[in-house]
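Enquirer: First the structure, then my questions, so here it is.
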Amino acid sequence: MPKSNRIIFHIDVNSAYLSWEAVYRLQHGSSVDLRTIPSVIGGDVTSRHGIVLAKSIPAKKYKIQTGETLYSARMKCPNLVVIPPRYYLYMQCSNEMVRILREYSPSIQRYSIDEVFMDFSNMEPHFGDPVKAAHEIKDRIRAELGFTVNIGISTNKLLAKMASEFEKPDKVHTLFPEEIPAKLWPLPVEELFMIGRATAPKLYKRGIFTVGQLAALDPNVLRQWLKSYGIMIWNFANGYEDSPVRDDGIPMKGLGNSNTLAFDVEDAQTAHRVLLSLTETTAMRLRDAKKCAGVVSVSMTDKDFHTYSHQGKLDVPTDCTDAIYQKARELFDEAWQGEPLRRMGIRLTQLCSNDFFQLSFFVKNTEKHRALDAAVDKIRLKYGSRAIFRSSFLYSGISPCMGGVLEEEDYPMMSSIL
DNA sequence: TCTGGGGTCCTAGGACCC
DNA sequence: TCTGGGGTCCTAGGACCC
């Protein structure tokens with residue numbers, strides 16, 4: 001595929017969660033459009049999930065930022081409307097958008113729930129000029145689904161993504177290579193993809209404040225300073241990037257669940273129950289993906305927000321809830337220092353196919369465990385995650401299946417490799 | 001009760017082998 | 001018995017993304 005004349009679109013939903021919630025409510029009889037008042041999607045403060053997940057444009061005018069605490073957001077705007085998130089609804093909205101996009105190209109990569117890359121190369125004969133086609137797509141999404149998107153157009157994914165970040169909402173922008181000096185280089189350096197809150201201050205200290213200044217540096221100096229990361233950001237600052245639009249789905253490397261608890265965990269028994277709860281949802285997702293895991297890792301965040309983790313290999317890759325839980329508990333007991341924990345997590349990596357299960361001879365009662373897991377999964381899928389649970393969760397105050405959205409399908413998530 | 005949850009990738013250091 | 005060096009695997013932690 002000749003990459004020099006590729007045409008790539010990046011489609012980005014404006015204030016995704018908030019827009020989707022607003023549309024849903026309008027369609028279900030609400031008279032207010034959340035997008036027109038100071039409002040945010042945010043978690044439940046009493047269970048310590050109190051941060052802003054998405055904000056309306058009027059809320060932005062109060063300087064409310066994504067990720068800040070609801071406490072702080074309400075200080076800035078006392079009559080702020082706060083709506084709890086409904087991830088399953090957002091997933092459906094995302095799917096509807098992708099359904100429209102597929103009419104314009106078979107080559108589509110879902111980068112996250114609200115961002116999509118589309119390869120529009122060689123599509124001009126069918127849909128005309130890319131800018132005109134992008135307007136058509138954007139207007140169709142607004143007319144048919146009720147929410148707005150920005151579309152960025154360029155010759156690679158990086159530039160298309162940067163272009164979609166320009167003026168919002170409901171806009172189409174181009175950022176072709178010849179437009180880089182005028183449109184990309186004047187931007188503050190922290191707006192470049194992959195420059196976050198740790199790297200930006202380092203660059204400031206060296207007098208680098210714009211993308212253009214970064215682009216003008218000697219890449220060898222950056223390599224010495226920041227290793228391969230230095231080369232990557234220098235390439236990005238110059239608009240160099242050539243990864244394909246991955247329409248085949250990116251193989252999953254790992255999966256996990258973690259949860260901030262409503263109260264600090266201070267005893268091992270409670271910690272073990274939390275771990276089991278997290279394992280139930282994670283292992284079910286693993287089985288749903290038809291994978292086995294070779295490595296289990298547990299993570300802990302103490303009340304002062306210090307996070308640490310401990311991982312270990314399973315003797316045999318498995319998808320069995322009990323086997324994973326046994327390992328997780330062992331790892332936890334080795335690592336936990338006894339301090340109060342605010343948050344716990346489990347993550348499974350080293351995934352392999354569960355097709356053969358050829359190593360099962362070494363594990364006792366494998367068939368029974370697999371049959372049990374399968375039966376429980378079936379009941380939970382049909383009747384919900386609370387339809388069946390272990391008796392140890394009764395009166396424990398701990399949810400038997402923590403994290404995850406059970407009805408939600410797994411799809412490839414974003415990665416730093418575009 | 002002021003700070004979520006899902007990911008990927010890279011690096012450094014230690015163990016171990018040849 | 002002194003001093004190497006390369007390669008791979010494993011683990012913990014930290015960077016980034018949405």
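Residues in the first sequence are numbered consecutively from 1, following our numbering.
A virtual CB, placed ideally from N, CA and C, is assigned to each residue, including glycine.
Since the structure is predicted, the reported quantities are computational estimates derived from the model, not experimental observations.
(1) Run through DSSP, which three-state label would L359 get?
(2) For L394, does the count of other Cβ atoms within 10 angstroms reach 16, so buried, or fall short, so exposed?
(3) Would you say P85 and L53 are within 7 Å of each other, going by their C-beta atoms?
(4) Answer with buried or exposed for N79, where buried requires no fewer than 16 other C-beta atoms within 10 angstroms of its C-beta.
(5) Out of L286, C352 and A271, state which residue places its alpha-carbon closest to the alpha-carbon of E330.
(6) Classify N14 as helix, strand or coil using the three-state DSSP reduction.
(7) Looking at the secondary structure, which residues open and close the beta strand (DSSP E) in which K55 lies?
(8) Excluding sequence positions up to five away, which residues of its chain have a Cβ less than 8 Å from the Cβ of A160?
(9) Rounded C-beta distance between R273 and S392? I'm assuming under 8 Å.
(10) Enumerate, from N- to C-terminal direction, the unbroken alpha helix (DSSP H) stretches of 4 or more residues contained entirely within the stretch 244-315.
(11) Less than 8 Å between the CB atoms is what I'm expecting for D457 and R342, so what's the real figure, rounded?
(12) If you run the structure through DSSP and keep just helix, strand and coil, what is N220?
(13) Where G338 and Y308 are concerned, what is the direct C-alpha to C-alpha distance, given to the nearest angstrom?
(14) Considering just the uninterrupted stretch of the beta strand (DSSP E) at S353, what are its terminal residues?
(15) Starting from T174, trace the beta strand (DSSP E) in both directions and tell me its first and last residue.
(16) Can you have a look at D218 and say buried or exposed, based on whether 16 or more other CB atoms are within 10 angstroms of its CB?
(17) Considering only residues of the same chain and omitting the five flanking positions on each side of V376, which have a CB-CB separation below 7 Å?
(18) Apply the 10 Å Cβ neighbour rule to I41 and answer buried if 16 or more other Cβ atoms are within range, or exposed otherwise.
(19) Could you round the C-beta distance between L214 and L203 to whole angstroms and report it? I think they count as a contact, below 8 Å.
(20) Rounded to a whole number of angstroms, what is the C-alpha to C-alpha distance between P157 and K205?
(21) Quick one: what's M118 bridged to in DSSP?
(22) Within 10 angstroms of its Cβ, does G345 collect 16 or more other Cβ (buried), or is it exposed?
(23) Out of Q326, L101, F305 and W20, which one is the CA nearest neighbour of K313?
(24) Give the range of the beta strand (DSSP E) segment to which G43 is assigned.
(25) Judging by CA-CA distance, which residue of M194, L255 and D170 is the nearest neighbour of K162?
(26) Specify the secondary structure class of T318 as computed by DSSP and reduced to three states.
(27) Which residues in the same chain as P106 place their Cβ atom closer than 7 Å to its Cβ, once the five residues preceding and following it in sequence are excluded?
(28) Can you check which of these residues, G67, C77 and G146, is closest to H28 by C-alpha distance?
(29) Check the DSSP bridge columns for P188 and list the partner residues they point to.
(30) Could you tell me the distance, in whole angstroms, from the CA atom of K303 to the CA atom of F127?
(31) Give the secondary structure of T69 by DSSP, where H, G and I count as helix, E and B as strand, and everything else as coil.
(32) For the alpha helix (DSSP H) that S164 lies in, which residues bound it at each end?
(33) Just to confirm my understanding: we take L359, look at its own chain, exclude 5 residues before and 5 after, and list those with CB closer than 6 Å. What are they?
(34) Please classify V32 as buried or exposed, where buried requires at least 16 neighbouring CB atoms within 10 angstroms.
(35) I'd like the span of the alpha helix (DSSP H) that includes V446, first residue to last.
Expert: Reading it off the structure:
(1) Position 359 of the first sequence, counted from the start, is the residue given in the question as residue 359. At L359 the pLDDT is 49, less than 50, meaning the model places this residue with poor confidence; the figure from the coordinates comes in the next sentence. Three-state DSSP puts L359 in a helix.
(2) Taking the first residue of the first sequence as 1, we reach residue 394 at position 394. Around the beta carbon of L394, a 10 Å sphere encloses fewer than 16 other beta carbons of the protein chains shown; the residue is thus reported as exposed.
(3) For this step, residue 85 is matched to residue 85 along the first sequence. For this step, residue 53 is matched to residue 53 along the first sequence. Taking a C-beta distance under 7 Å as the contact criterion, P85 and L53 qualify as a contact pair.
(4) Against the first sequence, residue 79 aligns to sequence position 79. Burial check for N79: the Cβ neighbour count within 10 Å stays below 16, so the residue is exposed.
(5) As a first step, residue 330 is located in the first sequence; it is residue number 330 there, counting from the start. Per the Cα distances, A271.
(6) The residue given as residue 14 occupies position 14 in the first sequence. Correct three-state label for N14: coil.
(7) Stepping through the first sequence from its first residue, residue 55 is reached at position 55. Counting along the chain, the beta strand (DSSP E) containing K55 begins and ends at V52 to K55.
(8) Start at 1 with the first residue of the first sequence, and residue 160 comes out as number 160. Here A160 has I8, F9, H10, F117, G152, I153, S154 and L175 as same chain residues with Cβ atoms under 8 Å from its own Cβ, once five neighbours each way along the sequence are excluded.
(9) Here residue 273 refers to the residue found at position 273 of the first sequence. Here residue 392 refers to the residue found at position 392 of the first sequence. About 6 Å; that satisfies the 8 Å criterion.
(10) List check, alpha helix (DSSP H) in window: 268-288.
(11) Only positions 1 to 418 of the chain appear in the structure, and residue 457 is not among them; the question remains open.
(12) Here the question's residue 220 lines up with position 220 in the first sequence. N220 falls in the helix class under three-state DSSP.
(13) As a first step, residue 338 is located in the first sequence; it is residue number 338 there, counting from the start. As a first step, residue 308 is located in the first sequence; it is residue number 308 there, counting from the start. Using only the alpha carbons, I get a separation of about 13 Å.
(14) What you label residue 353 is simply residue 353 of the first sequence in a count that begins at 1. Start and end: L341 to S353.
(15) As a first step, residue 174 must be located in the first sequence, where it is residue number 174. Counting along the chain, T174 sits inside the beta strand (DSSP E) bounded by residues V172 to T174.
(16) In the first sequence, the residue the question calls residue 218 occupies position 218. Around the beta carbon of D218, a 10 Å sphere encloses fewer than 16 other beta carbons of the protein chains shown; the residue is thus reported as exposed.
(17) On the first sequence, residue 376 is found 376 positions in, with the first residue counted as 1. Excluding positions up to five away in sequence, the list reads I388.
(18) Taking the first residue of the first sequence as position 1, residue 41 is located at position 41. Flag for I41 reads buried.
(19) As a first step, residue 214 is located in the first sequence; it is residue number 214 there, counting from the start. As a first step, residue 203 is located in the first sequence; it is residue number 203 there, counting from the start. Contact holds; Cβ gap of about 7 Å.
(20) Sequence index remark: in the first sequence, residue 157 carries index 157 (1-based). Sequence index remark: in the first sequence, residue 205 carries index 205 (1-based). Before going on, a small fix: residue 157 reads as Lys here, not Pro. Going from the Cα of K157 to the Cα of K205 covers about 29 Å.
(21) Against the first sequence, residue 118 aligns to sequence position 118. DSSP, once it has assigned bridges, lists F9 and I108 as partnering M118.
(22) Against the first sequence, residue 345 aligns to sequence position 345. Per the 10 Å Cβ criterion, buried.
(23) Locating residue 313 in the first sequence gives position 313, where the first residue counts as 1. Distances from the alpha-carbon of K313 to those of Q326, L101, F305 and W20 put Q326 closest.
(24) What you label residue 43 is simply residue 43 of the first sequence in a count that begins at 1. Unbroken run through G43: none, as it is neither H nor E.
(25) For this step, residue 162 is matched to residue 162 along the first sequence. A small correction: the amino acid at residue 162 is Met; Lys does not occupy that position in the sequence shown. Checking every option, the nearest Cα to that of M162 belongs to M194.
(26) Walking along the first sequence from the start, residue 318 turns up at place 318. T318: strand per DSSP, three-state reduction.
(27) Start at 1 with the first residue of the first sequence, and residue 106 comes out as number 106. Excluding residues within five positions, the ones whose Cβ falls inside 7 Å are D247.
(28) What you label residue 28 is simply residue 28 of the first sequence in a count that begins at 1. Nearest of G67, C77 and G146 to H28, Cα basis: G146.
(29) Start at 1 with the first residue of the first sequence, and residue 188 comes out as number 188. For P188, which the question treats as bridged, DSSP gives the partners T210.
(30) As a working note, residue 303 is residue 303 in the first sequence. As a working note, residue 127 is residue 127 in the first sequence. When rounded, the distance between both Cα atoms is 55 Å.
(31) To locate residue 69, count along the first sequence from 1; it is residue 69. DSSP places T69 in strand when its eight states are reduced to three.
(32) Here residue 164 refers to the residue found at position 164 when the first sequence is read from its first residue. Judged by DSSP secondary structure, S164 falls within the alpha helix (DSSP H) whose first and last residues are K157 to S164.
(33) For the purposes of this step, residue 359 is taken as the residue at position 359 of the first sequence. In this prediction, L359 scores a pLDDT of 49, lower than 50, which makes its location untrustworthy; the coordinate-derived value is nonetheless stated afterwards. For L359, where only same-chain residues beyond five positions count, the Cβ hits under 6 Å are V316.
(34) Taking the first residue of the first sequence as 1, we reach residue 32 at position 32. Classification for V32: exposed.
(35) Since the first residue shown for the chain is 1 and the last is 418, residue 446 is missing from the structure and cannot be characterised.
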